[in-house]
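My numbering applies: residue 64 is where the sequence shown begins, and numbers increase by one. The structure appears below as structure tokens.
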Amino acid sequence: MNRLLLLLSFALFPLSAQPPLRGFPQDEWKSHRELEERARAIPQPERIRTYMERMASRPHAAGSPASKAVADYTAAQLRDWGYDVRVEKFEALLPYPTSRTLEMTSPVRYKAAIKEPAVSEDKDTGDPNQLPTFNAYSANGDITAPLVYVNYGVPEDYELLAKQGIDVRGKIVSRATAGAGAASSRSSRRITERWAA
Numbered sequence: 064m065n066r067l068l069l070l071l072s073f074a075l076f077p078l079s080a081q082p083p084l085r086g087f088p089q090d091e092w093k094s095h096r097e098l099e100e101r102a103r104a105i106p107q108p109e110r111i112r113t114y115m116e117r118m119a120s121r122p123h124a125a126g127s128p129a130s131k132a133v134a135d136y137t138a139a140q141l142r143d144w145g146y147d148v149r150v151e152k153f154e155a156l157l158p159y160p161t162s163r164t165l166e167m168t169s170p171v172r173y174k175a176a177i178k179e180p181a182v183s184e185d186k187d188t189g190d191p192n193q194l195p196t197f198n199a200y201s202a203n204g205d206i207t208a209p210l211v212y213v214n215y216g217v218p219e220d221y222e223l224l225a226k227q228g229i230d231v232r233g234k235i236v237s238r239a240t241a242g243a244g245a246a247s248s249r250s251s252r253r254i255t256e257r258w259a260a
């Protein structure tokens with residue numbers, strides 16, 4: 064019995080030496096692994112770094128001249144490698160801010176800079192050509208109303224405010240957008256609509 068078990072384990076060893084490849088028959092595992100190894104050997108990290116630095120060296124928001132330059136550079140690289148390349152243009156509605164103002168009118172007057180300070184370790188944070196911060200796809204308008212901070216904007220936060228006599232109806236609510244308790248944008252909007260109705 065022991066000899067049979069030992070023989071059986073030796074017979075199975077070559078099969079278990081290579082972990083299975085899902086989606087491939089067992090007789091193709093070896094050839095597919097060899098193909099994967101050849102594919103892994105093709106990319107050259109130093110060339111990839113060059114391509115990425117060239118494409119990401121300056122802001123290139125969709126529809127901008129810098130975006131076209133990135134598309135042209137990519138197309139030229141692909142043509143050099145022997146690919147048949149066609150660059151297509153599409154008309155799209157893309158929001159870009161023309162002016163942005165955020166200001167507190169009381170109890171003291173304060174006008175926010177609406178600009179993140181540059182980080183010394185990251186030269187791109189000080190790039191004057193970067194897109195300014197803005198709320199994409201929001202309507203134009205001037206909103207003036209009291210501001211209420213609603214923590215993470217989950218139901219418990221609104222309940223706590225209500226217990227303290229703070230009503231959010233007709234007010235601008237501001238909430239934290241990250242953290243373990245943060246509501247998603249979609250659920251936060253539904254929650255806010257419920258409490259503001």
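Ideal placement from N, C-alpha and C gives every residue a C-beta, glycine not left out.
Worksheet item: By Cβ distance below 8 angstroms, which residues in the same chain neighbour ILE235 in space, the five residues on each side in sequence not counted?
Response: Indexing the sequence shown from 1 puts residue 235 at position 172. Result list for ILE235: ILE206, ALA208, PRO209, LEU210, VAL211, in chain order.
Practice prompt. Using a threshold of 8 angstroms, state whether the C-beta atoms of ALA181 and GLY189 are closer than that.
Written response: The sequence position of residue 181 within the sequence shown is 118, counting from 1. The sequence position of residue 189 within the sequence shown is 126, counting from 1. Judged by their CB atoms, ALA181 and GLY189 are nearer to each other than the 8 angstroms cut-off.
Fill in: Secondary structure of ASP135, DSSP reduced to three states
Within the sequence shown, the letter at position 72 stands for residue 135. ASP135 falls in the helix class under three-state DSSP.
Worksheet item: Under the rule that 16 or more other beta-carbon atoms within 10 Å means buried, what is TYR221, buried or exposed?
Response: Taking the first residue of the sequence shown as position 1, residue 221 is located at position 158. Buried, since its Cβ has 16 or more Cβ neighbours within 10 Å.
Discussion item. If contact is defined by three or more beta carbon pairs under 8 angstroms, each pair taking one atom from either stretch, is the region 125 to 138 in contact with the region 152 to 165?
Written reply: Output reads yes: the region 125 to 138 touches the region 152 to 165.
Fill in: Bridge partner(s) assigned by DSSP for GLU166
Translated into positions along the sequence shown, residue 166 becomes position 103. Under DSSP, the beta-bridge partners assigned to GLU166 are LYS174.
Worksheet item: Any idea which residues DSSP pairs VAL148 with across the strands?
Response: Within the sequence shown, residue 148 is the residue found at index 85, counting from 1. Note: VAL148 sits in no beta bridge, so no partner.
Fill in: Alpha carbon of TYR114 to alpha carbon of GLN140, nearest angstrom
By 1-based counting over the sequence shown, the position of residue 114 is 51. By 1-based counting over the sequence shown, the position of residue 140 is 77. Answer to the nearest angstrom: the Cα atoms are 9 angstroms apart.
Worksheet item: To the nearest angstrom, how far is it from the Cα of ALA134 to the Cα of ARG112?
Response: For the purposes of this step, residue 134 is taken as residue 71 along the sequence shown, with counting starting at 1. For the purposes of this step, residue 112 is taken as residue 49 along the sequence shown, with counting starting at 1. In this structure, the alpha-carbon of ALA134 lies about 17 angstroms from that of ARG112.
Worksheet item: Using DSSP with H/G/I as helix, E/B as strand and the rest coil, what is LEU210?
Response: In the sequence shown, the residue the question calls residue 210 occupies position 147. Strand, per DSSP.
Worksheet entry | PRO83, buried or exposed, once every other Cβ within 10 Å from all chains shown has been counted against 16 | Locating residue 83 in the sequence shown gives position 20, counting from the first residue. Result: exposed.
Item to complete: Under the assumption that PRO122 contacts ASN192 (Cβ atoms under 8 angstroms), give the Cβ distance between them as a whole number of angstroms.
Response: By 1-based counting over the sequence shown, the position of residue 122 is 59. By 1-based counting over the sequence shown, the position of residue 192 is 129. A Cβ-Cβ distance of about 5 angstroms is found for the pair PRO122 and ASN192, placing them in contact under the 8 angstroms criterion.
Worksheet entry | Other residues of its chain near HIS95: CB distance less than 8 angstroms, five sequence neighbours each side excluded | Counted from its first residue, the sequence shown places residue 95 at position 32. Beyond the five residues adjoining it in sequence on each side, HIS95 comes within less than 8 angstroms, by CB distance, of LEU84, PHE87 in the same chain, given in chain order.
Discussion item. Quick check: ARG117 and TYR146, are their CB atoms within less than 8 angstroms of each other?
Written reply: If you number the sequence shown from 1, residue 117 lands on position 54. If you number the sequence shown from 1, residue 146 lands on position 83. In terms of Cβ geometry, ARG117 and TYR146 do not form a close pair [threshold 8 angstroms].
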